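What follows is a short report on a single structure.
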């Protein structure tokens with residue numbers, strides 16, 4: 001069998017696989033703004049209102065006063081984290097209390113005679129908003145945001161001041177309610193999502209959360225009579241007339257395909273009385289529609305255009321819709337577009353948390369979270385334990401990810417009418433915000449892991465069906481004992497088992513007529529206080545720990561004497577009545593009630609993969625392609641060939657068989673495709689294969705090309721995918737890369753980009769056991785995210801890598817990122833540099849001052865030249881050192897240090 005040389009090794013990962021991700025190259029995700037997609041033809045004006053805020057942490061008794069001096073406050077852009085946190089920030093070390101934001105902005109004469117709206121996507125905790133000293137809104141939730149009509153509070157032709165107070169302190173009066181010190185996530189404070197300002201005419205299409213209309217407000221779309229031949233699109237649009245006279249109007253609604261071609265349209269004329277509002281119902285029939293499905297997430301544009309009596313367009317709302325139906329049919333399980341879904345819905349829970357910046361993720365990071373999970377073949381995410389960013393919802397639509405959307409809550413109940421009222425309002429608002437998303441599979445109304453009274457369960461079940469009367473799916477936990485208020489039961493397979501059955505048998509004699517789903521599986525703690533678990537593994541603990549986690553998620557834990565935990569294997573052994581399950585959890589994240597972060601993610605809090613990620617990736621059907629996400633065959637060797645690596649070698653793959661070779665010798669072939677009930681593709685365990693002494697022999701003989709593991713995926717005896725792994729030799733250099741290399745980088749003042757510094761040998765093999773420290777530097781149109789408390793620069797290398805975050809400026813241009821060894825020496829690592837370019841943002845800004853930093857292009861150019869010279873000098877010195885070190889090797893050999 002031929003061996004790959006070191007250069008081929010750099011690009012050998014699955015080089016024979018058949019991915020369908022070529023369309024991702026240059027793919028530009030599209031995100032909604034204030035609940036709609038803005039177009040140049042729209043009469044609305046839209047501004048990015050996230051930039052140019054003054055920020056101060058702590059109590060400010062006169063913070064709302066428009067005349068106070070805020071010139072010494074820090075200037076920030078949203079999404080904003082009130083502090084840069086360490087990677088390990090659990091145990092309630094994050095700030096809780098008041099924070100203040102103030103912004104000065106001018107409105108020119110063009111804003112006169114228009115309605116002016118502000119959309120805060122979310123402000124954590126309780127919040128208050130003042131404009132020019134007047135309190136205009138007080139809010140009591142931190143996840144859904146606000147749409148405010150500020151027309152009557154602003155001044156045209158002069159400066160306005162908006163002030164926002166956000167307080168993430170513990171408060172039992174509104175959900176989630178539980179003190180953070182007892183909470184399984186964190187209330188990271190502040191204005192952590194985007195802010196938009198837009199204008200409309202005085203007669204306009206409303207926003208669903210601007211008005212309080214049951215199953216109404218804004219634009220509401222649902223579908224009927226869906227088939228491959230045709231589909232009916234029903235559109236309800238809510239119009240408001242703020243004028244003192246009636247209006248004769250025409251509402252034109254069109255469905256547009258991805259090429260911009262109008263597929264169908266309808267028109268309706270009406271008269272709208274002065275100072276009134278009205279819902280308008282329209283229908284479209286589409287011939288031969290392209291239906292939305294997780295594997296083919298086709299999206300149409302729906303454009304609602306409002307014209308006055310002179311046929312002048314006065315308003316327009318454009319949204320994206322996927323024509324699809326999703327239903328559960330008792331013990332027959334899940335149906336999509338009228339057809340039984342024969343596979344299992346396997347996915348993860350997802351907290352909106354990221355290392356260092358907490359919950360203040362930029363839009364691209366939300367998109368890539370969904371993308372990474374979709375690449376792994378997942379088709380469902382539970383957004384624990386609250387509604388998440390509009391950008392996340394947009395990404396799920398585009399990438400074909402079904403969502404279970406919980407209410408705001410976690411293990412807390414308060415009988416107070418105020419608490420109950422707010423909990424019910426949260427349910428209505430999340431449905432109104434997210435009801436048009438093709439990805440929204442189910443709205444979970446009950447408070448997570450909370451014993452709540454039956455009258456509340458009855459009310460919230462009715463609320464969901466009131467707000468979404470077109471086949472809403474309401475899941476409910478089995479422990480609540482109120483299945484009559486649900487359409488799908490949350491339960492583990494072992495909770496559905498008849499006690500008379502053996503431990504390895506699964507049957508569904510309970511909850512007859514109800515489909516079921518496992519909302520959280522995979523966690524395997526010893527007790528709920530200690531939280532020791534075979535599933536909770538920090539990436540830095542290395543291959544053996546990661547293998548324990550990966551095999552646990554794949555096959556469960558136990559030895560027959562103890563009951564196996566729910567695993568991929570368990571979920572696939574259930575009948576169709578059991579729809580699937582979501583792992584707890586997709587990503588490592590911080591917690592309030594425990595000093596250690598949750599390490600059970602298949603990726604860490606920077607989104608660096610663990611071995612368990614590949615276990616999921618190798619369960620996807622290789623014959624199903626996807627227009628954006630990765631697809632096809634995948635193979636991964638869960639072994640690093642270190643001196644302390646296991647003798648057993650585990651390979652995961654979604655081919656029929658896996659063939660393994662070590663140091664030029666073929667070890668054998670194992671069938672991984674599972675033709676029985678259970679996990680689709682079993683991990684292949686090759687027992688007692690790896691021997692470090694064999695690597696040593698090859699290295700001493702300078703037969704470096706042969707010192708490797710080669711794994712090949714076979715279908716009908718033919719190689720369809722292949723991976724070659726070499727042991728890392730002497731660590732010599734740093735290699736920089738972007739975590740998401742194909743992501744467009746936008747100069748909007750808030751986009752975050754993750755950079756990974758890898759410690760490698762001369763052939764590019766990552767030195768997983770390296771313990772270096774890397775110091776980052778950023779020049780040009782971006783800044784490094786760091787703080788003394790975060791201990792993020794320099795950063796210690798863990799499992800071969802050190803991550804960093806940068807944030808773009810408001811100016812498009814060149815960004816240079818450098819990584820140096822923190823301590824220089826003759827044999828220290830060779831530094832690296834990557835150069836990237838940001839592109840201009842599309843939305844105009846509205847602020848009187850902006851967060852700026854000087855970029856002297858001559859200085860940057862000088863630093864770039866200096867770095868190039870220094871790196872070249874180090875490379876030359878490295879080559880000279882290698883020659884001298886060869887002499888050291890020869891001397892050791894001459895002194896009797898020969899291979900044993």
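In my numbering, the protein residues as written are 1 to 900.
In this text, a Cβ means the ideal position worked out from N, Cα and C, and glycines have one as well.
Note that this is a predicted model, so its numbers are computed, not measured.
Taking Cβ to Cβ, would you say residue i is nearer than 7 Å to residue j?
i: residue 612; j: residue 545; result: no
i: residue 334; j: residue 579; result: yes
i: residue 280; j: residue 268; result: yes
i: residue 910; j: residue 336; result: One cannot answer for residue 910 here, as it falls past the ends of the chain, which runs 1 to 900.
i: residue 265; j: residue 254; result: yes
i: residue 522; j: residue 584; result: yes
i: residue 952; j: residue 855; result: For residue 952 there is no data in the structure shown, the boundaries of the chain being 1 and 900.
i: residue 88; j: residue 597; result: yes
i: residue 846; j: residue 197; result: yes
i: residue 901; j: residue 203; result: Because the chain is modelled from 1 through 900, residue 901 falls outside the range shown and cannot be assessed.
i: residue 363; j: residue 396; result: no
i: residue 323; j: residue 301; result: no
Count the other CB atoms within 10 Å of the CB of residue i; is the residue buried (16 or more) or exposed (fewer)?
i: residue 500; result: Here residue 500 scores only 49 on pLDDT, less than 50, and its place in the model is too uncertain to base an answer on.
i: residue 380; result: buried
i: residue 372; result: buried
i: residue 528; result: exposed
i: residue 884; result: exposed
i: residue 22; result: Confidence at residue 22 is low in this model, with a pLDDT of 37, below 50, so its placement is unreliable and the value that follows should be read with caution. Answer is exposed; the Cβ neighbour count stays below 16.
i: residue 288; result: exposed
i: residue 385; result: buried
i: residue 48; result: buried
i: residue 406; result: buried
i: residue 693; result: exposed
i: residue 145; result: buried
Ordered along the chain, which non-local residues of its own chain (more than five positions away) have a Cβ less than 7 Å from that of residue i?
i: residue 560; result: Confidence is the limiting factor: at residue 560 the pLDDT is only 45, short of 50, which leaves the residue's position unreliable, though a coordinate-based value still follows. Result list for residue 560: empty, nothing under 7 Å.
i: residue 68; result: 62
i: residue 616; result: 376, 377, 378, 602
i: residue 355; result: 87, 605, 606
Given residue i, which residues of its chain have a CB within under 8 Å of its CB, disregarding the five upstream and five downstream residues?
i: residue 677; result: 572, 573
i: residue 424; result: 459, 460, 463
i: residue 486; result: 461, 474, 475, 476, 514
i: residue 827; result: 881
i: residue 338; result: 226, 227, 325
i: residue 547; result: 611, 638, 646, 650
i: residue 449; result: 410, 411, 477
i: residue 889; result: none
i: residue 901; result: No information on residue 901 is available, as it lies outside the stretch 1 to 900 that the chain covers here.
i: residue 97; result: 57, 58, 59, 167, 168, 169, 189
i: residue 675; result: none
Could you pull out every residue in the same chain whose Cβ sits closer than 6 Å to the Cβ of residue i, ignoring the five residues on either side in sequence?
i: residue 653; result: 618, 635, 672, 713
i: residue 211; result: 217
i: residue 389; result: 193, 366
i: residue 422; result: 140, 174
i: residue 360; result: 79, 80, 81, 192
i: residue 8; result: Reliability fails at residue 8, whose pLDDT of 31 lies under 50, so the model's placement of it is uncertain and the value that follows must be treated cautiously. Within the same chain, residue 8 has no close Cβ partners at all.
Can you confirm whether residue i, when its beta carbon is compared against all beta carbons of chain D, has any partner nearer than 7 Å?
i: residue 305; result: The chain labelled as chain D is not found in the depicted structure, where only one protein chain is given.
The segment 156 to 173 touching the segment 119 to 132, judged by at least three CB pairs closer than 8 Å: yes
Cβ pair count under 8 Å reaching 3, the segment 664 to 672 against the segment 721 to 736: no
Contact the segment 31 to 43 vs the segment 51 to 71: 3+ CB pairs below 8 Å: no
The segment 465 to 472 / the segment 172 to 190 touching (three or more Cβ pairs under 8 Å): no
Cβ contact (3+ pairs, closer than 8 Å) linking the segment 98 to 106 and the segment 139 to 146: no
Secondary structure, beta strand (DSSP E): runs of 3+ residues fully inside the segment 342 to 386: 345 to 349, 380 to 382
Cβ pair count under 8 Å reaching 3, the segment 45 to 58 against the segment 70 to 90: yes
Any 3 or more C-beta pairs closer than 8 Å across the segment 346 to 353 and the segment 772 to 788: no
In chain order, each beta strand (DSSP E) run of at least 3 residues that lies wholly inside the segment 259 to 335: 262 to 272, 276 to 287, 300 to 307, 313 to 321, 326 to 328
The segment 832 to 839 / the segment 809 to 816 touching (three or more Cβ pairs under 8 Å): yes
Runs of alpha helix (DSSP H) lying entirely within the segment 677 to 757, each at least 4 residues, in chain order: 692 to 700
3 or more residues per run - each beta strand (DSSP E) lying fully within the segment 755 to 835: 773 to 780, 782 to 784, 801 to 808, 814 to 821
Beta strand (DSSP E) runs wholly inside the segment 106 to 188, at least 3 long, in chain order: 115 to 120, 126 to 131, 134 to 139, 146 to 149, 159 to 167
Entirely enclosed beta strand (DSSP E) segments - the segment 229 to 256, minimum 3 residues: 230 to 241, 247 to 256
Ordered list of beta strand (DSSP E) runs contained in the segment 68 to 101, each at least 3 residues: 74 to 76
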